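Trainee: Converting from the sequence shown to our numbering requires adding 5 to each position, the first position being numbered 1. Okay, handing you the structure first.
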Amino acid sequence: MDHYSDTNAALICLSHLRWDFVFQRPQHLMIQAALTRRVYYVELPMFGDWDDHLDIRTVGGSVQVAVPYIRTGFDAAESQARTAALLAELAEREHLRDLTLWVYTPMELPVAAQLRPALTVYDCMDELANFRFAPPELRPREQQLFRQADLVFTGGHRLWEAKRGQHPHVYPFPSSVEKAHFAQARAGLNDPADQAPLGRPRLGFYGVIDERFDTALITELARCRPDWEFVLLGPVVKLEESELPRAANIHYLGMKSYAELPAYLAHWDVALMPFARNEATEFISPTKTPEYLAAGVPVVSTEIRDVVRPYGEQDLVRIANRADDFEAACEAALAERHQPESRERQARADAYLAGLSWSQTWAEMETLMNEARGRKAAKTEAADD
6 MDHYSDTNAA LICLSHLRWD FVFQRPQHLM IQAALTRRVY YVELPMFGDW
56 DDHLDIRTVG GSVQVAVPYI RTGFDAAESQ ARTAALLAEL AEREHLRDLT
106 LWVYTPMELP VAAQLRPALT VYDCMDELAN FRFAPPELRP REQQLFRQAD
156 LVFTGGHRLW EAKRGQHPHV YPFPSSVEKA HFAQARAGLN DPADQAPLGR
206 PRLGFYGVID ERFDTALITE LARCRPDWEF VLLGPVVKLE ESELPRAANI
256 HYLGMKSYAE LPAYLAHWDV ALMPFARNEA TEFISPTKTP EYLAAGVPVV
306 STEIRDVVRP YGEQDLVRIA NRADDFEAAC EAALAERHQP ESRERQARAD
356 AYLAGLSWSQ TWAEMETLMN EARGRKAAKT EAADD
C-alpha cells in the first residue's frame, strides 16, 4: 500500500451484496476507486461462536473485502455496535484519516457510528424498501442517511426522479459497462460445456432470479414456443421452487462468474430482460442492458422505465410486455439476425455505448465528490470566521 502513504486517502464501502455474488455496480465502482485510494468493501456480518474480528482479503487487484465475524447471542443493535467497533479499530490501525464513507444499504449505517468520514456518499442503486422481505426500518434509516450524506448518487434516472427532492445534491448515474469484456462474445468463444448440448435458437438471461423476474412470462413463452431453448443463468433468491418456471425447454445452469458470461452470450440468439412490472422493478436500471448490447446480442425487454429511455426510444432494445407481444419481438429479433438491419442496429448500439465506461462514470463521480468537499470546507471556514 506504499503508493497511498502520502495521503492516507481511503474509502469504506458498506454493502448489502457480497463481493462474490453477482458482479455489478458496487464491484465495478470500487475497483475504480481502488486505483487512487485504499478501499475496504465491508460485507454483512457472519455470526457464530467466535470472538469478534474482521477477516480481510484482497480482490480485484487492490480492493480489500472486510467481513465482520460477530459472536451470536446479541440483538441487532448490539451486533451493529460490535461491528462499528471493529471498523473504528481498522480506521485507527490503518491511519485512515482522509476517509470517504460509501453506503449502499441504509440498514448498515449504524456500523459507521464511530467513524469520522471526511465525506459521506449514498450510492442508491435500488429502491431496496420495495424488495420482497425488506425490513420496515429501512425507510427511516434511509431518511437518516439522507441527513448525514454529503452527496447522493442513484442507479438510474427513474430513481433520481424519486430521490431528488429528498437531498440538495442528488445525481443520476445509470448502469455503465466494461465494453471490452463483453465484446469478447463476438470473437467466437467456445460454447460452455453445460450449454453446448442445447439446441437453437437460444434465448438467454443472466442475473438474480427473484421477485423481479417475470416467471409467468417465461412460463407462457416456453409453453408457446417448445422449439426455443431458454437459458437462465444466476442464483435463485427469495423464490420458492413452486414459483419457478419449469419446462423441458427451460434450462437453469446456475450462477456463473463475471469472467464466464461472454462465452455464454456468444452462443445466444436473443438476450432477454423478462422483468415483472411491480414495486421491486419500478426503479431498476439493469446493468445487463449495455452488457448484452456490448456482446452483440439482440435484446428484448419488458417495459422498464430506464430501459425504455434511452434504449427503447433509440430502437436499440425491443420492448414488449404481454407474452404474445414479447414472443413477436423475439421472433423479429431472430428474423433480423442475418439481415443488414441487424448490422445497422448494432452499429447504433456501439455508437451509444462508446460514451459509456465505468472509468468515465467514476471520474464524473469524483468531480462531484471534490465539489462536495469544497462545500464542506467553505462551510467550516465560514463557521470559524
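Even glycine gets a Cβ: it sits at the ideal position worked out from N, Cα and C. Note that the structure is a prediction, hence the values are computed from the model and not measured.
Counting along the chain, where does the alpha helix (DSSP H) carrying Trp55 start and finish?
Mentor: Residue numbering aside, residue 55 sits at position 50 when the sequence shown is read from its first letter. No alpha helix (DSSP H) holds Trp55; DSSP gives it neither H nor E.
Trainee: Count the other C-beta atoms from every protein chain shown that fall within 10 angstroms of the C-beta of Ser247, then say buried if there are 16 or more, exposed otherwise.
Mentor: The residue labelled residue 247 in the question sits at position 242 within the sequence shown. It counts as exposed.
Trainee: For a minimum of 4 consecutive residues, which ranges assigned as the alpha helix (DSSP H) are wholly contained in the region 142 to 166?
Mentor: The region 142 to 166 contains these whole alpha helix (DSSP H) runs: 143 to 153.
Trainee: Among Leu143, Gly209 and Thr372, which one has its Cα closest to the Cα of Pro303?
Mentor: Indexing the sequence shown from 1 puts residue 303 at position 298. Comparing Cα-Cα distances from Pro303 to each of Leu143, Gly209 and Thr372, the minimum goes to Gly209.
Trainee: Tell me where the beta strand (DSSP E) around Glu216 begins and ends.
Mentor: Numbered from its first residue, the sequence shown carries residue 216 at position 211. Here Glu216 belongs to no beta strand (DSSP E), and DSSP marks it neither H nor E.
Trainee: Grab the span of the alpha helix (DSSP H) containing Arg353 for me, first residue to last.
Mentor: The residue you call residue 353 lines up with position 348 of the sequence shown. Here the alpha helix (DSSP H) through Arg353 covers Pro345 to Leu358.
Trainee: In the DSSP assignment, what residue or residues form a beta bridge with Ala71?
Mentor: By one-based count along the sequence shown, residue 71 stands at place 66. Val47 and Ile61.
Trainee: Which stretch, first to last residue, makes up the alpha helix (DSSP H) that contains Pro267?
Mentor: Translated into positions along the sequence shown, residue 267 becomes position 262. Residues Leu266 to Leu270.
Trainee: How many angstroms separate the CA atom of His21 from the CA atom of Glu132?
Mentor: Position 16 of the sequence shown holds residue 21. Position 127 of the sequence shown holds residue 132. Near 13 Å, if we compare the C-alpha coordinates of Glu132 and His21.
Trainee: How close, in whole Å, do the beta carbons of Glu284 and Asn254 come, if the pair is a contact with beta carbons under 8 Å?
Mentor: Translated into positions along the sequence shown, residue 284 becomes position 279. Translated into positions along the sequence shown, residue 254 becomes position 249. Their Cβ separation, rounded to whole angstroms, is 30 Å, which puts Glu284 and Asn254 out of contact at 8 Å.
Trainee: Are His111 and Thr88 close, meaning C-beta to C-beta below 8 Å?
Mentor: By 1-based counting over the sequence shown, the position of residue 111 is 106. By 1-based counting over the sequence shown, the position of residue 88 is 83. What sits at residue 111 in the sequence shown is Pro, not His. Contact: no.
Trainee: In chain order, what residues of the same chain have a beta carbon less than 6 Å from the beta carbon of His174, not counting five sequence neighbours either side?
Mentor: Position 169 of the sequence shown holds residue 174. Excluding residues within five positions, the ones whose Cβ falls inside 6 Å are Leu156.
Trainee: How long is the line joining the alpha carbons of Leu361 and Ser181, rounded to whole angstroms?
Mentor: Position 356 of the sequence shown, counted from the first residue, corresponds to residue 361. Position 176 of the sequence shown, counted from the first residue, corresponds to residue 181. In a straight line, the C-alpha of Leu361 is about 6 Å away from that of Ser181.
Trainee: Excluding the five sequence neighbours on either side, which residues of its own chain have a C-beta within less than 6 Å of the C-beta of Val241, listed in chain order?
Mentor: To locate residue 241, count along the sequence shown from 1; it is residue 236. Ile214.
Trainee: Once the 5 residues before and after Leu393 are set aside, which same chain residues still bring their CB inside 8 Å of it?
Mentor: With the chain represented from 6 up to 390, any question about residue 393 goes unanswered, as that position is not in the structure.
Trainee: Of the choices Ala39, Ile75 and Arg42, whose alpha-carbon is the least far from that of Trp55?
Mentor: Taking the first residue of the sequence shown as position 1, residue 55 is located at position 50. Answer by Cα proximity: Ile75.
Trainee: Are Ala96 and Leu104 close, meaning C-beta to C-beta below 8 Å?
Mentor: Here residue 96 refers to the residue found at position 91 when the sequence shown is read from its first residue. Here residue 104 refers to the residue found at position 99 when the sequence shown is read from its first residue. Yes, the Cβ-Cβ distance between Ala96 and Leu104 is below 8 Å.
Trainee: Apart from the five residues just before and just after Gly204, which ones in its own chain have a Cβ nearer than 7 Å to its Cβ?
Mentor: In the sequence shown, the residue the question calls residue 204 occupies position 199. Cβ neighbours of Gly204 beyond the five flanking positions: Glu234.
Trainee: Based on the DSSP output, what are the partners of Val126 in its beta bridges?
Mentor: Here residue 126 is taken as the residue at index 121 of the sequence shown, counted from 1. Looking at the DSSP assignment, Val126 forms a beta bridge with Trp107 and Leu156.
Trainee: Between the region 290 to 308 and the region 141 to 158, can you find at least three pairs of beta-carbon atoms closer than 8 Å?
Mentor: Cβ pair count under 8 Å is below three, so no.
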